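In what follows, a single structure is set out as structure tokens and then discussed.
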Amino acid sequence: MIIDPLDLDPKSVYKLLIGSVVPRPIAWTSTVSLEGVRNLAPFSFFTVASRNPPMLCISVGPRTSDEQPTKDTLDNVEDTGEFVINIVSLPLSNTMHESSKSYPPEADEFEKAGLTPAPCEVVKAPRVGEAGVSMECVLDRILPLGSDHLVIGCMVRFHVRDELYRNGRIDVNGLQPLGRLAGNYTKVETIFDLPADNL
């Protein structure tokens with residue numbers, strides 16, 4: 452089957468995209484507004500943008516409601532030039548889901564989800580105290596791309612839980628990162644090297 456995305460409506464193209472580009476890591480992104488309101492939201496359009504210097508990027512889509520055109524995350528990053536990417540571990544799945552709900556800008560998702568806002572070293576935005584890995588980022592640039600905005604940040608600090616740090620590497624089994632599929636999620640259950648004989 453060959454599909455031309457121009458023949459489809461945007462929602463249908465989106466469904467094919469999120470079902471094809473899998474699994475996706477989740478950037479549980481924390482920011483703070485100029486008024487000091489904490490915000491926390493997950494984004495699965497997320498990856499490493501550069502290794503040297505270390506840079507991360509998330510793609511922030513539009514709000515689903517017409518009352519406010521842009522998401523609080525994007526507004527806060529534009530206003531402050533800072534954000535933190537926290538990695539979602541399996542035990543935090545339901546908590547992450549709670550923070551993904553559409554709350555008004557004055558709501559504190561840390562409070563709504565019952566999470567600990569832990570201080571960072573460089574940025575003012577808090578990190579998720581319960582997360583195994585958090586990365587402080589300083590905004591490099593925001594690129595408008597179609598209906599979305601690509602947010603690129605320079606990663607200036609790692610926060611890694613002691614038991615997950617193994618000789619300069621992250622213990623991925625211990626981290627238990629959550630992945631995003633189409634409309635659902637996946638956990639890392641099988642880790643292997645290639646070439647493999649038993650696939």
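The C-terminal residue of the sequence shown carries number 650 in the numbering used here, and the numbering is unbroken.
Ideal Cβ placement from N, Cα and C applies to all residues, glycine included.
All values reported here derive from a predicted model rather than from experimental measurement.
A Cβ-Cβ distance of about 25 Å is found for the pair V483 and R475, leaving them out of contact under the 8 Å criterion.
Here DSSP, grouped into helix, strand and coil, assigns M547 to helix. In the structure shown, G604 adopts extended strand secondary structure according to DSSP, grouped into three states.
Taking every protein chain shown into account, the CB of F534 has 16 or more other CB atoms within 10 angstroms, so this residue is buried. Of the candidates G565, L525, L543 and I453, L543 places its Cα closest to the Cα of L629. By the 16-neighbour rule on beta-carbons within 10 angstroms, V473 is exposed. According to DSSP, S510 shares a beta bridge with L601.
Collapsing the DSSP output to three states places L459 in coil. For I603, the closest C-alpha among the options N503, G597, F609 and I593 is that of I593. About 7 Å separates the beta carbon of L491 from that of A564, a gap short enough to meet the 8 Å contact definition. By the Cβ neighbour-count rule, M452 is exposed, with fewer than 16 other Cβ atoms within 10 Å of its own.
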